[in-house]
Amino acid sequence: MDKPMISASLQRVRDVNPLIHNITNVVVTNFTANGLLSLGASPVMAYAPEEVADMAKIAGALVLNIGTLNPVVVESMIIAGKTANEYGIPVIFDPVGAGATTYRTETAQKIMNEINVAVIRGNAAEIANVAGKQSNIKGVEAGNTQGDFVELAISTAKKLNTVVVTTGKEDVITDGDTTYLVANGHPILTKVTGTGCLLTSVIGAFAAVEKDILQASVSALTYYGVTAEIAARKTAEQGPGSFQIEFLNQLSKVSSSDIDQYGDVKKLQIDKKGGKQL
Amino acid sequence: MDKPMISASLQRVRDVNPLIHNITNVVVTNFTANGLLSLGASPVMAYAPEEVADMAKIAGALVLNIGTLNPVVVESMIIAGKTANEYGIPVIFDPVGAGATTYRTETAQKIMNEINVAVIRGNAAEIANVAGKQSNIKGVEAGNTQGDFVELAISTAKKLNTVVVTTGKEDVITDGDTTYLVANGHPILTKVTGTGCLLTSVIGAFAAVEKDILQASVSALTYYGVTAEIAARKTAEQGPGSFQIEFLNQLSKVSSSDIDQYGDVKKLQIDKKGGKQL
Amino acid sequence: MDKPMISASLQRVRDVNPLIHNITNVVVTNFTANGLLSLGASPVMAYAPEEVADMAKIAGALVLNIGTLNPVVVESMIIAGKTANEYGIPVIFDPVGAGATTYRTETAQKIMNEINVAVIRGNAAEIANVAGKQSNIKGVEAGNTQGDFVELAISTAKKLNTVVVTTGKEDVITDGDTTYLVANGHPILTKVTGTGCLLTSVIGAFAAVEKDILQASVSALTYYGVTAEIAARKTAEQGPGSFQIEFLNQLSKVSSSDIDQYGDVKKLQIDKKGGKQL
C-alpha cells in the first residue's frame, strides 16, 4: 500500500468524523474517548442491552473489547454485534486477555462464532487463543520468531475469515491472502495502559470510512505507529506520563507529510513455493 | 449578575469544600473527580442502590449523569434523587445522549418526572429531547439560530420547572423568567471527553453553597468558561492532551481578578412586546 | 528499616514485574494501571465472578478496593480473596469510604471476616470504622493527635491480625508489634483522585516480591512518598494536573539514590513502661 493512500484514509476520518460505538473495558474508556476525539472521530460508549442496538445502528463502526467483561456486557456485545452485521457496519474486536482465564477465552470464541467480525486485533498470545491454537504458541512472548507470528496471523485470518492484526515489535496485518508488516511504533506504548485498546478503536475509525477493511487497518496501524514515534521523540527521557499526554496531542497533529516521512509499511511477498520474502 | 457575585460564589466553594455525590458515567469518573478536587470541592462516586441514599443525604449536591446508564444505576439515581429532594439537597441532571437512543430519552424523562431537579445541563439537542420537543429542533446542530436556543431553554425551564443550562457557542442559563448568556469558553473543550459532564458537576459544587440556583449556575458557567480560555491560551498549538492537563491546573488557579477581566456574562433583556434584546 | 533494604525491594519489583490483580473502583482504574506500569509492575483488572478466581491465582498480589462497590463486585472480591488465600498470594485491602455508608462499613468488615488480609490501607477514619472503633475517633480529621493515630493503627493490627497502614500527614505502618513512621509525601496528593488507591496497589506490588509484608509496606510507602515529593518539586506552582503527570513520570524514575537522599522512615521505639518514643 502506498503512503498517499494511508494519508487519504486519515484525511477521510478527519473529514467524516465517524461515530464509533465502543463497548470497552472500564480501565480505558477515558483514554479511548480522548484518543478518538484527537484523531477526529466521535466516540460514544454505551453498554446496556436496553440501548446498544439503537446505538450500534447509527455508528460508523462498532468496537468490542473484553478487558473487563461480565455477562451483561457480553450480552450487549452480542446484541450490538448482530445489529451492526445487519446494517453492514464493521465490527472490530479486541480479545483482551484471551487465554488468561477460561471465561475470556470462551467469550472471545463465542463472539467470533456469533458475530461477523471485520477485524480482530490483539497480541500474538490473544490471537492464538481466539483461534484455539494455544498449544502451538507456547512461550509466545519469548522464543517465537517473527515468522511464527506471521504464520499465526495468516492462518487465523483464513480460519476465522477476518482481517487479523497482530501487534508486537512489528505489526502484522493480513486477510489471509495479502499481508502487510508495519514497523512503526515505540516500546513506551507498553508503559501506558490502553494503547492497544485505543488502537483497536482507531482501526474502527478508519474502517468506518474505508470499504477496504485491510487497507483501513494498515492505514490505522501506520498512522498510530508514526504518532507514537513522534510523541516518544518529543518526550524522550520524561517518562510515561508525559508520553501519554503528548501522544494525545500528536493524534490530532500527525499529517500526510509525517506519514510520508516516517511510515514504515511493507507488503509481504510470497514466492512461488509458498515461502515468504519481505 | 455582577462579577463580584460570581467571584464570591467561587470563593465560597473553595471555603466550604462541599461534598458532591456523582452518579455519573464510566468514561468521565476520573476527570470529574480531579476537576472537582482542583476547583476545591470534594467528589464522591457511589452507585449501588444499597448505599446511594446514605451518600446523597450527606452531600452538598447530587449530580446525575446518564452517559453510560443501565437499569441498576437508574434505580440508584431515583433512590438518590428522592433522598436528596427529601433533605433539600440540589439535584443537577446531565441527560447525556438523550435522543440518541429511546432508552436514554425515556430514562431522562423518567428522572425529570420522579425527581425535583434543580438544574438540567445539556446541549440543545439533549435539552429538546428531554422536553419532548425533538420535532421542533431538527438540525439542531446546524441551521438553528441562537434565538432558537434561547427560546428552547426558556420554554423548557417553564415546562419542567427547573433551571435550564444549554451549552453551545454561547451558553444559555435560565429559570424561565430570568435569562443569562455566557460567552466564555473555547472550542477545544469539545476535543476533551467529559468537559460537559464535569461542568455539570461544577454547577453542583456552586449549587451546594448558594441558595439561589440560577446565580449558582451563572457563576459556575462563567468560572468554567474563563478557566477554559486561560488554559487554551497557555497551551495554544499544543493539542488536546496538554489542554486537558492545563485545564485541571487552571481550575485550581482561576481567581476573582480573572473573572473580572475575562468574564463575559449578560442578562437578557425582554422588551415590552415580548421580544428579546441583548 | 534501613534504606538499602527499601531500594532493594524497589529493584526487585522492577526486576520481577509482578502481575497485580486489582478489583478496584471505576474512578481510579486508569490511574492505577498507569501507576503500576510506571513503577514496573504489570496490572490487570478483572471483576466478574466468572473469572476472578482464575485471575487471582496467577497474580503476585490481589488488591481489593471498595470505592464503587456493588453486590456483584463484592461477591467477586470474596471469591478472589479466598482463592488468593488458598494459593498464598497476599491480599491488600483498601476500605475506601468505610464509615460513610452502612453498606461500605459492613462490606469492609465482611471482607476482613472472610478473607485473610495481609495489609489494610486507609486513612484513620476508614481504619477505625473497619475496626469497629468509630466511637473512639470522633473528629478524626481534626482534633486527634499523631499519638492517637499510632494507637489506633497498632490496636487495629492486633485486633485484625494484619499489617495496618494509616496514611495521613505522617504514615503509620505496623503489624501490632513493630511500628514504622514514614514522613514522606506531599499535600498535593490530596488534590489528585486515586493517589490513595494507587498506593494500595503499589503496596501490592511490593508485597508480591517480598516475604516480609511489614517490610514490603514500609518500602512501598517510602518509595511512594519520595516520588510524590520529587514530582511536587518539579511541578511547583503549576497545579494538580501537571503534578499528576509528573508523578506518573517519577514513579518510573525514582532510584535508590533518591530513596537514600530523601527517605524519611523511623522505627517507633517503645520504652519499658509501654510509652512510645520516636
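Chains as they are written, first to last, in our numbering: chain H, 1 to 278; chain Z, 1001 to 1278; chain R, 2001 to 2278.
Glycine included, C-beta positions come from ideal geometry on N, C-alpha and C.
The structure displayed is predicted, hence computed values, not measured ones.
- [ ] Can you tell me the Cβ-Cβ gap for residue 2120 of chain R and residue 2095 of chain R, rounded? I've got them flagged as a contact below 8 angstroms.
- [x] Rounded, the Cβ-Cβ distance is 7 angstroms, consistent with contact.
Task: Burial state of residue 2113 of chain R, where buried means 16 or more other Cβ atoms lie within 10 Å - done: Classification of residue 2113 of chain R: exposed, given that the 10 Å Cβ count is below 16.
TODO: Out of R:2225, R:2063, R:2172 and R:2128, point me to the one whose CA is closest to residue 2019 of chain R's CA.
DONE: Looking at the Cα atoms, R:2063 is the closest of the given residues.
Task: Start-to-end residues for the alpha helix (DSSP H) that takes in residue 161 of chain H - done: Where residue 161 of chain H is concerned, there is no enclosing alpha helix (DSSP H), given that its DSSP letter is neither H nor E.
Open item on the list: Pull the bridge partners of residue 1266 of chain Z from the DSSP assignment, please.
Closed with: Residue 1266 of chain Z pairs with Z:1181.
Task: Buried or exposed (CB count within 10 angstroms, at least 16 for buried), residue 2104 of chain R - done: Label assigned to residue 2104 of chain R: buried.
- [ ] Kindly give me the distance between the Cβ atoms of residue 2188 of chain R and residue 2125 of chain R, rounded to whole angstroms, as I take these residues to be in contact under 8 angstroms.
- [x] Incorrect: roughly 21 angstroms between the Cβ atoms, too far for contact.
Open item on the list: Between which residues of its own chain and residue 53 of chain H is the CB-CB distance below 6 angstroms, once the five residues before and five after are set aside?
Closed with: When the five nearest sequence neighbours on each side are left out, the beta carbons in the same chain lying within less than 6 angstroms of the beta carbon of residue 53 of chain H are those of 79 and 83, in order along the chain.
TODO: Please determine, among H:74, H:65, H:223 and H:36, the residue with the shortest C-alpha to C-alpha distance to residue 256 of chain H.
DONE: Nearest C-alpha to residue 256 of chain H among H:74, H:65, H:223 and H:36: H:223.
- [ ] Would you kindly work out how many angstroms separate the C-alpha atoms of residue 1200 of chain Z and residue 264 of chain H, rounded to a whole number?
- [x] Distance from the CA atom of residue 1200 of chain Z to the CA atom of residue 264 of chain H, rounded to whole angstroms, is 44 angstroms.
- [ ] Output yes or no for whether 8 angstroms exceeds the beta carbon distance between residue 1160 of chain Z and residue 1133 of chain Z.
- [x] Not a contact, by the Cβ cut-off of 8 angstroms.
Open item on the list: Assess contact between the stretch 1029-1040 of chain Z and the stretch 2021-2040 of chain R, defined as three or more Cβ pairs (one per stretch) separated by less than 8 angstroms. Is contact present?
Closed with: Short answer: they touch.
Open item on the list: If you follow the alpha helix (DSSP H) that residue 240 of chain H is in, where does it begin and where does it stop?
Closed with: From DSSP, the alpha helix (DSSP H) with residue 240 of chain H extends over 240-251.
Open item on the list: I need the boundaries of the alpha helix (DSSP H) containing residue 107 of chain H, first residue and last residue.
Closed with: Per DSSP, residue 107 of chain H belongs to the alpha helix (DSSP H) from 102-114.
Open item on the list: With a threshold of 8 angstroms between beta carbons, is residue 252 of chain H in contact with chain Z?
Closed with: Closer than 8 angstroms: yes.
Task: Chain-ordered neighbours of residue 1245 of chain Z on chain R, where CB pairs are closer than 7 angstroms - done: The contacting residues are 2241, 2242 and 2245.
Task: Proximity of residue 1217 of chain Z and residue 1165 of chain Z at Cβ, strictly below 8 angstroms - done: Yes.
Task: Cβ-based contacts, 8 angstroms cut-off: residues of the stretch 1063-1077 of chain Z near chain H - done: Per Cβ criterion, the list reads 1067, 1068, 1069, 1070 and 1071.
- [ ] Tell me, to the nearest whole angstrom, how far the beta carbon of residue 2069 of chain R is from that of residue 2102 of chain R; I am working on the premise that it is less than 8 angstroms.
- [x] Contact between residue 2069 of chain R and residue 2102 of chain R is absent: CB atoms are separated by about 12 angstroms, not below the 8 angstroms threshold.
- [ ] Mind checking the stretch 44-58 of chain H against chain Z and listing, in chain order, the residues whose C-beta falls within less than 8 angstroms of any C-beta there?
- [x] In summary, the residues of the stretch 44-58 of chain H whose CB is separated from some CB of chain Z by less than 8 angstroms are 44, 45, 46, 47, 48, 50, 51, 54, 55 and 58, in the order they occur in the chain.
Task: Residues that DSSP places opposite residue 2021 of chain R in a beta bridge - done: Residue 2021 of chain R pairs with R:2044 and R:2062.
Open item on the list: Distance check for residue 2182 of chain R and residue 192 of chain H, CA to CA, integer angstroms please.
Closed with: Roughly 29 angstroms separates the two Cα atoms.
Task: Strand pairing of residue 1174 of chain Z, partner residues [DSSP] - done: Looking at the DSSP assignment, residue 1174 of chain Z forms a beta bridge with Z:1164 and Z:1179.
Task: residue 1043 of chain Z classed as buried or exposed, judged by whether at least 16 other C-beta atoms fall within 10 angstroms - done: It is buried - the Cβ of residue 1043 of chain Z has at least 16 other Cβ atoms within 10 Å.
Open item on the list: Assuming contact is defined by CB atoms lying nearer than 8 angstroms, are residue 1076 of chain Z and residue 1219 of chain Z in contact in what I supplied?
Closed with: Remark: C-beta atoms of residue 1076 of chain Z and residue 1219 of chain Z do not approach each other more closely than 8 angstroms.
Task: Neighbouring residues, chain R, relative to residue 30 of chain H (Cβ below 8 angstroms) - done: In chain order: 2030.
Task: beta strand (DSSP E) segment containing residue 74 of chain H, residue limits - done: Run containing residue 74 of chain H: none in the beta strand (DSSP E); it sits in the alpha helix (DSSP H), 71-87.
Open item on the list: Buried or exposed for residue 127 of chain H, going by 16 or more other Cβ atoms inside 10 Å?
Closed with: Taking all protein chains in view, the Cβ of residue 127 of chain H is crowded by 16 or more other Cβ atoms within 10 Å, so the residue is classified as buried.
Open item on the list: Can you determine whether any heavy atom of the ligand MN sits closer than 7 angstroms to the C-beta of residue 2233 of chain R, and answer yes or no?
Closed with: You won't find the ligand MN in this model; it holds no ligand whatsoever.
TODO: For residue 2033 of chain R, go through chain H and note every residue whose CB falls closer than 7 angstroms to its CB, in chain order.
DONE: Within chain H, the residues near residue 2033 of chain R are 27 and 193.
Task: Among R:2015, R:2066, R:2162 and R:2197, nearest to residue 2117 of chain R - alpha-carbon criterion - done: It is R:2162 whose Cα lies nearest to the Cα of residue 2117 of chain R.
- [ ] Give the DSSP-derived three-state secondary structure of residue 1147 of chain Z in the structure shown.
- [x] Helix.
Open item on the list: Could you compute how far the alpha carbon of residue 1170 of chain Z sits from the alpha carbon of residue 1246 of chain Z?
Closed with: Distance from the CA atom of residue 1170 of chain Z to the CA atom of residue 1246 of chain Z, rounded to whole angstroms, is 22 angstroms.
Task: Rounded distance between the beta-carbons of residue 50 of chain H and residue 1090 of chain Z, thought under 8 angstroms - done: Actually they are not in contact, since the Cβ atoms of residue 1090 of chain Z and residue 50 of chain H sit about 28 angstroms apart, beyond 8 angstroms.
- [ ] Specify, as a first and last residue, the run of the alpha helix (DSSP H) that residue 1096 of chain Z falls within.
- [x] That residue, residue 1096 of chain Z, is in no alpha helix (DSSP H); it is neither H nor E in DSSP.
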